[in-house]
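Inspection log for the structure reproduced underneath, given as structure tokens.
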Amino acid sequence: MENPTNRVVSAIVENKPGVLHSVANLFRRRNFNIESITVGATELKELARITITVNADEKTLDQVVKQLAKLIDVVKVAELDPNSIVTRELALVKVNVPSVKERADIISCVHVFRGRVVDVSPDSLMVEITGTPDKIDAFLNLMKASGVIELARTGITALSRGASSINFDE
Amino acid sequence: MTKMSGAKALIQSLENQKVDIIFGILGGAILPVYDALCDTKKIRHILARHEQGAAHAAEGYARASGRPGICMATSGPGATNLVTGIANAYMDSSPIIALTGQVPATGVNTSYMIGRDAFQEADIIGITTAITKANYQPRSVHEIPTIINTAFYVATTGRPGPVLVDLPKNVQADTAEVVFTDKIDARGYRPVKEPNLTAISQAADLLAKAERPIILAGGGTIISNASDELAKMSDMLMAPVATTFMGKGAFPECHPLSVGSIGMHGNPAANRLMGEADVLLAVGTRFSDRATANLNSFVPNAMKIHIDVDAAEIGKNIDVDVSVIGDAKIALQMLYTATEKNLQKEQNGSWAKRVREVKEKLNPLLKETPKDLNPKTLLTELRKLLPESAIVTTEVGQNQMWSALYFKALKPRSFISSGGLGTMGFGFPAAIGAKVACPDRPVVDIAGDGSFLMTEQELACSVAENIPVTVIVLNNSVLGMVAQWQRMLYKKRYMAVNLGKTPDFVKLAEAYGAQGIRVASIAEFQAAIKKALKSKVTTVIDVPIGSEEDVVPFVPPGCGLPQQMGDY
Numbered sequence: 002m003e004n005p006t007n008r009v010v011s012a013i014v015e016n017k018p019g020v021l022h023s024v025a026n027l028f029r030r031r032n033f034n035i036e037s038i039t040v041g042a043t044e045l046k047e048l049a050r051i052t053i054t055v056n057a058d059e060k061t062l063d064q065v066v067k068q069l070a071k072l073i074d075v076v077k078v079a080e081l082d083p084n085s086i087v088t089r090e091l092a093l094v095k096v097n098v099p100s101v102k103e104r105a106d107i108i109s110c111v112h113v114f115r116g117r118v119v120d121v122s123p124d125s126l127m128v129e130i131t132g133t134p135d136k137i138d139a140f141l142n143l144m145k146a147s148g149v150i151e152l153a154r155t156g157i158t159a160l161s162r163g164a165s166s167i168n169f170d171e
Numbered sequence: 006m007t008k009m010s011g012a013k014a015l016i017q018s019l020e021n022q023k024v025d026i027i028f029g030i031l032g033g034a035i036l037p038v039y040d041a042l043c044d045t046k047k048i049r050h051i052l053a054r055h056e057q058g059a060a061h062a063a064e065g066y067a068r069a070s071g072r073p074g075i076c077m078a079t080s081g082p083g084a085t086n087l088v089t090g091i092a093n094a095y096m097d098s099s100p101i102i103a104l105t106g107q108v109p110a111t112g113v114n115t116s117y118m119i120g121r122d123a124f125q126e127a128d129i130i131g132i133t134t135a136i137t138k139a140n141y142q143p144r145s146v147h148e149i150p151t152i153i154n155t156a157f158y159v160a161t162t163g164r165p166g167p168v169l170v171d172l173p174k175n176v177q178a179d180t181a182e183v184v185f186t187d188k189i190d191a192r193g194y195r196p197v198k199e200p201n202l203t204a205i206s207q208a209a210d211l212l213a214k215a216e217r218p219i220i221l222a223g224g225g226t227i228i229s230n231a232s233d234e235l236a237k238m239s240d241m242l243m244a245p246v247a248t249t250f251m252g253k254g255a256f257p258e259c260h261p262l263s264v265g266s267i268g269m270h271g272n273p274a275a276n277r278l279m280g281e282a283d284v285l286l287a288v289g290t291r292f293s294d295r296a297t298a299n300l301n302s303f304v305p306n307a308m309k310i311h312i313d314v315d316a317a318e319i320g321k322n323i324d325v326d327v328s329v330i331g332d333a334k335i336a337l338q339m340l341y342t343a344t345e346k347n348l349q350k351e352q353n354g355s356w357a358k359r360v361r362e363v364k365e366k367l368n369p370l371l372k373e374t375p376k377d378l379n380p381k382t383l384l385t386e387l388r389k390l391l392p393e394s395a396i397v398t399t400e401v402g403q404n405q406m407w408s409a410l411y412f413k414a415l416k417p418r419s420f421i422s423s424g425g426l427g428t429m430g431f432g433f434p435a436a437i438g439a440k441v442a443c444p445d446r447p448v449v450d451i452a453g454d455g456s457f458l459m460t461e462q463e464l465a466c467s468v469a470e471n472i473p474v475t476v477i478v479l480n481n482s483v484l485g486m487v488a489q490w491q492r493m494l495y496k497k498r499y500m501a502v503n504l505g506k507t508p509d510f511v512k513l514a515e516a517y518g519a520q521g522i523r524v525a526s527i528a529e530f531q532a533a534i535k536k537a538l539k540s541k542v543t544t545v546i547d548v549p550i551g552s553e554e555d556v557v558p559f560v561p562p563g564c565g566l567p568q569q570m571g572d573y
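See the structure below:
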């Protein structure tokens, strides 16, 4: 058995009530592991895109895609090729600021990671940072020393590179 | 364009789908639809006595006729009582449409009732998401025709299955201008009919060179009406045909190449030959664990071809060498043509000889064979007494597995049983549904005392609605199948399986106005069946059998198909 890895599955779904429920329910029922799931608008207002990161081996991934495709409200679904994918995640990180000296250190770190400080209080900073999950992990690692008060990550969203798409064609 | 109520729009949409029968029970939240039923002459409503009965009857109707079966219930408990029947139809891929009432979307004191835990409110959409192909809840009258069209299209095409439409009471009662069209709203749903040519030619290559081919026909063969194509294929390849339990009837079991059904309680000849084949052609089966037993010894020596209309079944339970995604009937036609061209003619007949030999040698034997009223004798006798056109349903448990072993199904859609979900209480209401679909054919439910008691209240329905069927109660006063497991696998530590003093089934039948007959010998059984077949009213035949009779052979859990316990 090959080891399971994180794979990104992208689904174009009808933008109507109940669709997220049936997708989430399918994962629970079939014993698939969701690492993260994001839902948002697409270029067409009646369609939404669900981006799911699953921890799966090849066989399980095949089932994930096929079972999702079976749902009537899933218009199109595919795995995004890991070699040709752009993934992004956004995180809001509230960092503890014990002293003025550390405040400066943290802010320079934020700049290195191309993040932004979006809120400042006497004892804390809120940082917005966008990037691959790895980049966010690395930033959070650096912040450990000062102390992360609160963290909100969106989970990843993704598209495949180049002209290829999994868009719905009428 | 006409102005009409949602309820009327629903009835009209159902009529447009050629619905002539609805099995249901009414209640507060579905009253507008029942009111609209007063004004149609095209639809007969059959009042079940429990919603589970209505759902199973709809499935019996669907499986006997090939047309979608309709069941209807009110909101809350009415809807939740349908759930077992819907789950059953989902597992066995039967096209049924479940219509449920729902509390009004808008209320007197509120703009929104749904979600406020109103009287008899249940989230049936949420509850049935995992056991329906799709479910819908129209929020305005004008949506109804398209939703009903879509529900029927989804339920009956591809791999069929149940679809639920939940109707808020205000949507039933409101009036609006309604346009009836053929429009279907399911762009994400594109069932494949015709398989890919490359897959067909790969499969044909394997079959043309096969020395010991075997065909495994599943329920999908029956659903796609592919029995003729199956028979042609078997004939060309001289391949024995095994079926899954759900495939029983796809191929006449009296045919010299029929080896019966495989599985935990399968025919030993079928189980044995699966292990000897060099090419397996599996048609419309999902390789259920009860059919395959331990996968490590399931058809270990064969190249495997899998035809299925549901792509998600390919590779779900077993890995195959060639997958053919498409409708079984079309796939078999294409495969026949492709194989015929390359068929290696010089068959030496050794495989056919081996099949004959195994069939003769491996015959399931019963412990209590001397006894007159034993399942084997009874069911063999029943086959002789019933015309070929008869439809048989079964309950679930020993009665069902004995039927699989000893009752030879001769035609597709003539053997109807709860295969996937294993729902005790399925057989009797399913028999009622089958009889409604095929009023000119005799319908017999082979039952156990335990499972018949789960839905026996439908005797009231069958008598009141003049739907005469025959129920054969193989009465052993125990929940026999679990008792057998406790006997074989739990050191005879019997717990909660003894039914003690079961009701007097003759009196029970008579209490409902049906006919009850108790038999004490095979001669009396023969007479009772003959009487039942002529009866204008439902007949319950009580047949006492030994309480320790096992279903053997038996592949214990964890073992492979060849490791069958029992004498054969």
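Residue numbers (our numbering), protein chains in the order written: chain F, 2 to 171; chain B, 6 to 573.
In this text, a Cβ means the ideal position worked out from N, Cα and C, and glycines have one as well.
Given the structure is predicted, the values throughout are model-derived calculations rather than measurements.
Sheet register partners of E129 of chain F (DSSP bridge): F:L93, F:R117
Where D63 of chain F meets chain B, residues with beta-carbon distance less than 8 Å: G320
G283 of chain B vs A343 of chain B beta-carbon contact at 7 Å: Inspection of the sequence shows that residue 283 of chain B is occupied by Asp rather than by Gly. For D283 of chain B and A343 of chain B, no; Cβs fall outside 7 Å.
C-beta atoms of V556 of chain B and M406 of chain B nearer than 7 Å: yes
Cβ-based neighbour list, N21 of chain B, same chain, cut-off 6 Å, excluding 5 preceding and 5 following: none
Below-7 Å beta-carbon distance, T134 of chain B vs any chain F residue: yes
Beta-carbon gap between I157 of chain F and K77 of chain F smaller than 7 Å: no
Within 7 Å, strictly: CB atoms of V476 of chain B and V545 of chain B: yes
Environment of F412 of chain B [buried if 16+ CB atoms lie within 10 Å]: buried
DSSP state of S467 of chain B mapped onto helix, strand, coil: helix
Within 8 Å of chain F by C-beta, residues of the segment 178-208 of chain B in sequence order: A191, R192, G193, Y194
Chain F contact residues for A139 of chain B, given Cβ-Cβ distances below 7 Å: I73
Three-state secondary structure (DSSP) of C76 of chain B: strand
S229 of chain B beta carbon less than 7 Å from that of A69 of chain B: no
Reduced DSSP category for S109 of chain F - H, G, I as helix; E, B as strand; rest coil: helix
Rounded C-alpha distance that separates Q403 of chain B from G83 of chain B: 30 Å
Among B:T7, B:M6, B:A41, the one whose alpha carbon lies nearest that of I16 of chain B: B:A41
Nearest candidate by alpha-carbon position, reference L143 of chain F, set F:K67, F:A42, F:V111: F:V111
Collapsed DSSP secondary structure at K314 of chain B in the structure displayed: One detail in the question is off: residue 314 of chain B reads as Val in this sequence, not Lys. Three-state result, V314 of chain B: coil.
Beta-carbon spacing of N480 of chain B, P567 of chain B below 7 Å: no
Nearest-angstrom Cα separation, counted from S10 of chain B out to V184 of chain B: 12 Å
Contact under 7 Å by Cβ, I26 of chain B with V441 of chain B: yes
From B:I136, B:A436, B:G571, residue whose alpha carbon lies closest to that of R30 of chain F: B:I136
CA nearest to the CA of K60 of chain F, picked from B:N368, B:I323, B:V474: B:I323
Beta-carbon proximity of K95 of chain F to I150 of chain F, cut-off 7 Å: yes
Per-residue DSSP class, three states only, for F28 of chain F: helix
Start-to-end residues for the alpha helix (DSSP H) that takes in P37 of chain B: 36-42
Pick from B:P165, B:T382, B:L340, B:G571 that is closest to N201 of chain B, judged by C-alpha positions: B:L340
Alpha helix (DSSP H) segments (min. 4 residues) lying fully within the segment 398-423 of chain B: 403-411
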